[in-house]
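S.K.: Chains as they are written, first to last, in my numbering: chain A, 1069 to 1354; chain B, 434 to 718. Glycine included, each C-beta is placed from N, C-alpha and C at the ideal position. I have a structure here, written as structure tokens, and I will follow up with some questions on it.
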Amino acid sequence: MTDTTAVVTGATSGIGLAAARLLAEKGVYVLGVGRDARRCGQAEYSIRAACPQARIEYVTGELGGVGSVRELAAELADRVERTGGGKLDILAHVAGAVSTWRMQTDEAYEMQFAVNHLAPFMLTGELMPLLRRSGGARVLAVSSGSHYRARIRWDDVMMHRRYRCLAAYGQSKLCNILFIAELARRESDSGLSAYAFDPGLVNTDIGLKGTRGLEKFVWERRKKRGRPPEVPAAYLAELVTAPEYAGRSGLYWKDGRVKTPSRRARDPRAQRRLWALSEELCGTVG
Amino acid sequence: MKRWFMVTGAAGGLGRSLCVACARRGYALYMTDVSARRLDALAAGLRGAYGAETRSSVCDMTDAPSRDALYVEIARSGIRFSGLINAAGVDKEGAFDSLGLEDIRTIMQLDMCSVAENIRSILPYRRESELFTIINVASQAAFQPMPYKALYAAGKRFLLQLSLALREELRDSGVYVAALCPSGMPTTPECIEAIGAQGFIGALTARNTGDVAEAALRGALRGRAVIVPGAANRLIWALSALTPQTWSARYVGRRWGRALAYRAASGPAAIPLPAPALSRGASAS
């Protein structure tokens, strides 16, 4: 795997950090993405301490905002060109956001939709030339079982009115599956494989950093029952590296097995509609 | 012909939501703010999500010459407006004698002078023979004197009084004037921290900017005088109207004095940090 290059977002804590370490241990050249330079430094240090021969670098970037994602993509593309052999083999969208209050990006986009869905959509699009050059690239988005109860509010995806934290979270995780399915369809000729990934209930801090009150209380109780992040990270690393998963594109995976996502996630019209909407929101059409 | 709304402080937390509420209703937007970068991002977002037509001008509303330049620019643009939303505002919390003269001037320029001047300067460019809607973003702080936010609350009271008086004065010429009086809104890590510091009342009264902006547009376009989003907040409004001002001032003084003392004493180490309002990291189901 020494000629393999990977980008992992959300790689400073939780599943992202564990996955970055596992990939680096396999000899993959890993570009980790984090929001905070100090925490990126800590993460890089911890991986090097566990695995001295790891080839890992961190790039700081903000995923909440169209402009900042475009800047991040340019920075990543530059690194891949200079030190990653000019092709990108693995792109793992692990970063995720949860917020009790409705936060918005500079574009007035709802933050969970922007970070959990639009950022993966844009990063994938901007890095597509490098992914195509790989010939057998794999793109993975971390979705969640919470998509089963979710629907897309097509008349108000930004939840400008009546924002609910978990409705917005579920919607963004449903978007991940719709995006992966449509990506698989569009890139079936370029050898790219796309995976939606369900980590199950994991003991990470995702639900504690932006939540208050009842949601925080419930999340604190639930996460104790969760598995350590290394467990889903191991499945994730397998999915993006093992040869037996190549070409099994557009599916929803949990614990190394294919799982059927919700009916709404399998709707091909919704998949196309979300793609078109996302293009408009990112200003990438016309 | 597009119908235009002008929005000041457009790139701020509530400003962005007010722009969205206008764009959802099909209005074109003339937006001003201090940050060109954030105005550009907002314009792109409104175009992407709502197909809205926008124009932006960078203007420092705390600075009279900067406002004059804006009015000239508006006159030259040839745009005729259907509405004006004064959303630019500022506060600096703390004891009055801790404010510098510069702080005092900034608050008074932005929260009072700029609003009066904007209304006076934009009204001549209203769309003829149609309704014109003005929304002044005041605050629940307008309902009672507020120790430790004395200047801010007085400024918001000024906006409330100005709105109600102009509403009568301009009624016959087809101008609706509304004062929007929201409670705390979770727009920045500091605001979220302040809501948290107020405990239960903070959580009960705080509303997301989107819902506040929707209530504002809905109410203002129907000719409402005072818009208070949220049932709990309307109750507080009713209670404050029945309470002598000296009493409310004393009550607020005690509450805020305690909250400030608590926040000062617990220091940055003990306060739940100006939180990463969001979490980035791995995902759990």
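Would you kindly work out how many angstroms separate the C-alpha atoms of alanine 708 of chain B and proline 619 of chain B, rounded to a whole number?
M.R.: As a first step, residue 708 of chain B is located in the second sequence; it is residue number 275 there, counting from the start. As a first step, residue 619 of chain B is located in the second sequence; it is residue number 186 there, counting from the start. The predicted position of alanine 708 of chain B is uncertain, since its pLDDT is 36 and thus under 50; a value taken from the coordinates is nonetheless stated next. The straight-line gap from Cα to Cα measures roughly 12 angstroms.
S.K.: Nearest CA to the CA of glycine 1203 of chain A: which residue from A/Phe1247, A/Thr1192 and A/Glu1255?
M.R.: Locating residue 1203 of chain A in the first sequence gives position 135, counting from the first residue. When each option's Cα is compared against that of glycine 1203 of chain A, the closest is A/Glu1255.
S.K.: Taking just the CA atoms, how far does methionine 494 of chain B sit from arginine 651 of chain B?
M.R.: Here residue 651 of chain B refers to the residue found at position 218 of the second sequence. Here residue 494 of chain B refers to the residue found at position 61 of the second sequence. Arginine 651 of chain B and methionine 494 of chain B: Cα-Cα distance of roughly 26 angstroms.
S.K.: Counting only Cβ pairs nearer than 7 angstroms, list the residues of chain B close to tryptophan 1169 of chain A.
M.R.: Translated into the one-based positions of the first sequence, residue 1169 of chain A becomes position 101. Within 7 angstroms Cβ-Cβ: Pro619, Ile625 and Asn641.
S.K.: If you measure beta-carbon to beta-carbon, which residues of the segment 476-490 of chain B are closer than 8 angstroms to chain A?
M.R.: Answer in chain order: Ala477, Gly478, Leu479, Arg480, Gly481 and Ala482.
S.K.: Considering only the beta carbon of each residue, do threonine 1070 of chain A and leucine 1156 of chain A sit closer than 8 angstroms?
M.R.: The residue you call residue 1070 of chain A lines up with position 2 of the first sequence. The residue you call residue 1156 of chain A lines up with position 88 of the first sequence. Not a contact, by the Cβ cut-off of 8 angstroms.
S.K.: What span of residues does the beta strand (DSSP E) with alanine 461 of chain B cover, start to end?
M.R.: For the purposes of this step, residue 461 of chain B is taken as the residue at position 28 of the second sequence. Looking at the DSSP string, the run of the beta strand (DSSP E) that includes alanine 461 of chain B is 461-466.
S.K.: Taking the alpha-carbon positions, what's the leucine 592 of chain B to lysine 1284 of chain A distance?
M.R.: As a first step, residue 592 of chain B must be located in the second sequence, where it is residue number 159. As a first step, residue 1284 of chain A must be located in the first sequence, where it is residue number 216. Distance between the alpha carbons of leucine 592 of chain B and lysine 1284 of chain A: 38 angstroms.
S.K.: Is the beta carbon of alanine 639 of chain B less than 8 angstroms from the beta carbon of isoleucine 628 of chain B?
M.R.: One-based indexing of the second sequence puts residue 639 of chain B at position 206. One-based indexing of the second sequence puts residue 628 of chain B at position 195. Yes, the Cβ-Cβ distance between alanine 639 of chain B and isoleucine 628 of chain B is below 8 angstroms.
S.K.: Report all residues from its chain with a CB closer than 8 angstroms to the CB of methionine 545 of chain B; omit the five preceding and five following residues, and keep chain order.
M.R.: Counting from 1 along the second sequence, the entry for residue 545 of chain B is found at position 112. The residues are Gly588, Phe591 and Leu592.
S.K.: With a threshold of 8 angstroms between beta carbons, is alanine 653 of chain B in contact with chain A?
M.R.: Residue mapping note: residue 653 of chain B aligns to position 220 of the second sequence, counting from 1. Closer than 8 angstroms: no.
S.K.: Select from B/Ala482, B/Met464 and B/Arg480 the residue whose C-alpha is nearest the C-alpha of serine 489 of chain B.
M.R.: On the second sequence, residue 489 of chain B is found 56 positions in, with the first residue counted as 1. When only C-alpha atoms are compared, the closest one is B/Met464.
S.K.: Quick check: is the beta carbon of leucine 706 of chain B nearer than 8 angstroms to any beta carbon in chain A?
M.R.: Walking along the second sequence from the start, residue 706 of chain B turns up at place 273. At leucine 706 of chain B, the pLDDT of 34 sits below 50, so the modelled position is not reliable; the number obtained from the coordinates is stated separately. Chain A contact via Cβ: absent.
S.K.: Can you pull the chain A neighbours of glycine 629 of chain B, defined as C-beta to C-beta under 8 angstroms?
M.R.: Translated into the one-based positions of the second sequence, residue 629 of chain B becomes position 196. By Cβ distance, chain A contributes Arg1280.
S.K.: Unbroken alpha helix (DSSP H) runs of length 4 or more, entirely within the segment 1220-1266 of chain A: which are they?
M.R.: Whole alpha helix (DSSP H) segments, 4+ residues: 1233-1254.
S.K.: In chain order, which alpha helix (DSSP H) runs of at least 4 residues are fully inside the segment 1133-1212 of chain A?
M.R.: Listed in chain order, the complete alpha helix (DSSP H) runs (minimum 4 residues) inside the segment 1133-1212 of chain A are 1134-1151 and 1187-1202.
S.K.: Say whether chain A places a C-beta atom closer than 8 angstroms to the C-beta of valine 453 of chain B.
M.R.: The residue you call residue 453 of chain B lines up with position 20 of the second sequence. At least one chain A Cβ lies under 8 angstroms of valine 453 of chain B.
S.K.: First and last residue of the beta strand (DSSP E) that includes phenylalanine 514 of chain B?
M.R.: Start at 1 with the first residue of the second sequence, and residue 514 of chain B comes out as number 81. First-last of the beta strand (DSSP E) with phenylalanine 514 of chain B: 514-519.
S.K.: Looking at the secondary structure, which residues open and close the beta strand (DSSP E) in which alanine 639 of chain B lies?
M.R.: Locating residue 639 of chain B in the second sequence gives position 206, counting from the first residue. Neither: alanine 639 of chain B is in no beta strand (DSSP E) and is coded neither H nor E.
S.K.: Helix, strand or coil: which one does DSSP assign to tyrosine 1216 of chain A?
M.R.: Counting from one through the first sequence, the residue named residue 1216 of chain A turns up at place 148. Looking at tyrosine 1216 of chain A - three-state DSSP - the assignment turns out to be helix.
S.K.: Does the distance from the C-beta atom of asparagine 569 of chain B to that of leucine 613 of chain B stay below 8 angstroms?
M.R.: Looking up residue 569 of chain B in the second sequence gives position 136. Looking up residue 613 of chain B in the second sequence gives position 180. In contact: asparagine 569 of chain B and leucine 613 of chain B (Cβ atoms closer than 8 angstroms).
S.K.: Using a Cβ-Cβ cut-off of 6 angstroms (strictly less than) and excluding sequence neighbours within five positions of histidine 1161 of chain A, which residues of its own chain qualify?
M.R.: The sequence position of residue 1161 of chain A within the first sequence is 93, counting from 1. Closer than 6 angstroms at the Cβ level, and outside the excluded window around histidine 1161 of chain A, lie Thr1077, Pro1188 and Ala1209.
S.K.: Anyone know if the C-beta pair for threonine 566 of chain B and glycine 643 of chain B falls short of 8 angstroms?
M.R.: Reading the second sequence from its first residue, position 133 is the one you call residue 566 of chain B. Reading the second sequence from its first residue, position 210 is the one you call residue 643 of chain B. Cβ distance not < 8 angstroms, so threonine 566 of chain B and glycine 643 of chain B don't count as in contact.
S.K.: In this structure, does DSSP put alanine 658 of chain B in helix, strand or coil?
M.R.: On the second sequence, residue 658 of chain B is found 225 positions in, with the first residue counted as 1. Residue state, collapsed to three classes: coil.
S.K.: Alpha carbon to alpha carbon, how far is glutamine 1339 of chain A from leucine 1246 of chain A? Give it in angstroms, no decimals.
M.R.: Locating residue 1246 of chain A in the first sequence gives position 178, counting from the first residue. Locating residue 1339 of chain A in the first sequence gives position 271, counting from the first residue. If I take the Cα positions, the gap works out to 5 angstroms.
S.K.: Rounded to whole angstroms, what's the CA-CA distance from leucine 534 of chain B to alanine 476 of chain B? Just pull it up for me.
M.R.: The residue given as residue 534 of chain B occupies position 101 in the second sequence. The residue given as residue 476 of chain B occupies position 43 in the second sequence. In a straight line, the C-alpha of leucine 534 of chain B is about 35 angstroms away from that of alanine 476 of chain B.
S.K.: Using a C-beta to C-beta distance shorter than 8 angstroms, which residues of chain A count as neighbours of alanine 474 of chain B?
M.R.: Position 41 of the second sequence, counted from the start, is the residue given in the question as residue 474 of chain B. Per Cβ cutoff of 8 angstroms: Gly1133, Val1134, Gly1135, Thr1173, Asp1174 and Glu1175.
S.K.: For methionine 541 of chain B, which of helix, strand or coil comes out of DSSP?
M.R.: For the purposes of this step, residue 541 of chain B is taken as residue 108 along the second sequence, with counting starting at 1. DSSP places methionine 541 of chain B in helix when its eight states are reduced to three.
S.K.: Between the segment 435-459 of chain B and chain A, which residues of the former have CB atoms less than 8 angstroms from a CB of the latter, in chain order?
M.R.: Listed by position, the residues of the segment 435-459 of chain B near chain A (Cβ gap below 8 angstroms) are Ala444, Gly446, Arg449, Ser450, Cys452, Val453, Ala454 and Arg457.
S.K.: Name the residue from B/Arg691, B/Thr539 and B/Asp501 whose alpha carbon lies nearest to the alpha carbon of glycine 632 of chain B.
M.R.: By one-based count along the second sequence, residue 632 of chain B stands at place 199. Cα-wise, what sits closest to glycine 632 of chain B is B/Arg691.
S.K.: Taking 6 angstroms as the limit between beta carbons, can you name the residues of its chain near glycine 1100 of chain A, skipping five residues before and five after?
M.R.: Looking up residue 1100 of chain A in the first sequence gives position 32. These residues qualify, in order along the chain: Val1076, Ala1079, Ala1088 and Tyr1126.
S.K.: Alanine 485 of chain B lies in the beta strand (DSSP E); which residues open and close that run?
M.R.: Counted from its first residue, the second sequence places residue 485 of chain B at position 52. Per DSSP, alanine 485 of chain B belongs to no beta strand (DSSP E) and is neither H nor E.
S.K.: What separation, rounded to the nearest whole angstrom, lies between the Cα atoms of tyrosine 1263 of chain A and leucine 1276 of chain A?
M.R.: Taking the first residue of the first sequence as 1, we reach residue 1263 of chain A at position 195. Taking the first residue of the first sequence as 1, we reach residue 1276 of chain A at position 208. In a straight line, the C-alpha of tyrosine 1263 of chain A is about 27 angstroms away from that of leucine 1276 of chain A.
S.K.: Taking C-beta pairs closer than 7 angstroms, name the residues in chain B that leucine 1349 of chain A reaches, listed in chain order.
M.R.: The sequence position of residue 1349 of chain A within the first sequence is 281, counting from 1. Under the 7 angstroms cutoff, chain B gives Gly481 and Ala482.
S.K.: Can a CB atom of chain B be found closer than 8 angstroms to the CB of arginine 1230 of chain A?
M.R.: Here residue 1230 of chain A corresponds to residue number 162 of the first sequence, with the count starting at 1. Yes, arginine 1230 of chain A lies at the interface with chain B (some Cβ there is under 8 angstroms from its Cβ).
S.K.: Rounded to a whole number of angstroms, what is the C-alpha to C-alpha distance between glycine 442 of chain B and asparagine 519 of chain B?
M.R.: Counted from its first residue, the second sequence places residue 442 of chain B at position 9. Counted from its first residue, the second sequence places residue 519 of chain B at position 86. Answer to the nearest angstrom: the Cα atoms are 7 angstroms apart.
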